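S.K.: Input: one structure, supplied below.
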Amino acid sequence: TMAQSTMAPKCDVLSQDDLRKKLYQTFKDRGILDTLKTQLRNQLIHELMHPVLNGKLQPWSISVEGSSLLIGASNSLVADHLQRCGYEYSLSVFFPESGLAKEKMFTMQDLLQLIKINPASSLYKSLITRFDKENQKGRRSFHVCRE
2 TMAQSTMAPK CDVLSQDDLR KKLYQTFKDR GILDTLKTQL RNQLIHELMH
52 PVLNGKLQPW SISVEGSSLL IGASNSLVAD HLQRCGYEYS LSVFFPESGL
102 AKEKMFTMQD LLQLIKINPA SSLYKSLITR FDKENQKGRR SFHVCRE
């Protein structure tokens with residue numbers, strides 16, 4: 002009987018907290034955690050964007066005068082940021098979700114005109130010169146935040 006007790010498999014009993022931590026780490030290591038987070042995020046966005054499906058709320062929309070111009074400029078800046086940071090996956094999701102097409106992104110001149118920077122000013126000329134230099138280095142779009 003002594004031989005039987007030493008040959009029986011040893012089972013470690015984990016506390017609830019240890020089990021939770023081990024499960025979390027296993028999910029994280031296998032990429033399951035990121036997949037679950039993405040699915041939850043998508044479901045949350047879907048519920049927020051389509052509350053009418055629940056029969057509780059009417060769909061909401063942006064009706065501010067001139068908002069399409071502001072939205073277009075904002076989306077262009079966000080897309081530019083994602084592009085410059087190398088967030089290709091986020092960019093691939095952002096373009097179709099925002100309705101922005103790469104060829105419809107605002108140019109630097111568009112953005113400067115929108116924020117009413119005078120084309121005759123030294124600031125305008127400085128920004129355009131810098132933009133042209135960055136484009137020659139292989140960068141395509143306007144970068145607001147560098148330096």
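Throughout the sequence shown, residue numbering follows the numbering used here, covering 2 to 148 in sequence. Don't be surprised by glycine CBs; every beta carbon is placed ideally from N, CA and C. All values reported here derive from a predicted model rather than from experimental measurement.
#1: May I ask which residues mark the beginning and end of the alpha helix (DSSP H) holding Lys103?
#2: Using 8 Å for Cβ pairs, my map puts Ser91 next to Asn76. What's the rounded Cβ distance?
#3: Enumerate in chain order the residues of its own chain whose CB-to-CB distance from Leu112 is below 8 Å, with the five nearest sequence positions on each side excluded.
#4: Count the other C-beta atoms from every protein chain shown that fall within 10 angstroms of the C-beta of Met109, then say buried if there are 16 or more, exposed otherwise.
#5: Could you spell out the range, first to last residue, of the alpha helix (DSSP H) harbouring Gly87?
#6: Helix, strand or coil for Asp19? Go by DSSP, reduced to three states.
M.R.: Considering the structure as presented:
#1: That residue, Lys103, is in no alpha helix (DSSP H); it is neither H nor E in DSSP.
#2: Rounded, the Cβ-Cβ distance is 13 Å, inconsistent with contact.
#3: Ala74, Ser77, Leu78 and Phe143
#4: buried
#5: That residue, Gly87, is in no alpha helix (DSSP H); it is neither H nor E in DSSP.
#6: helix
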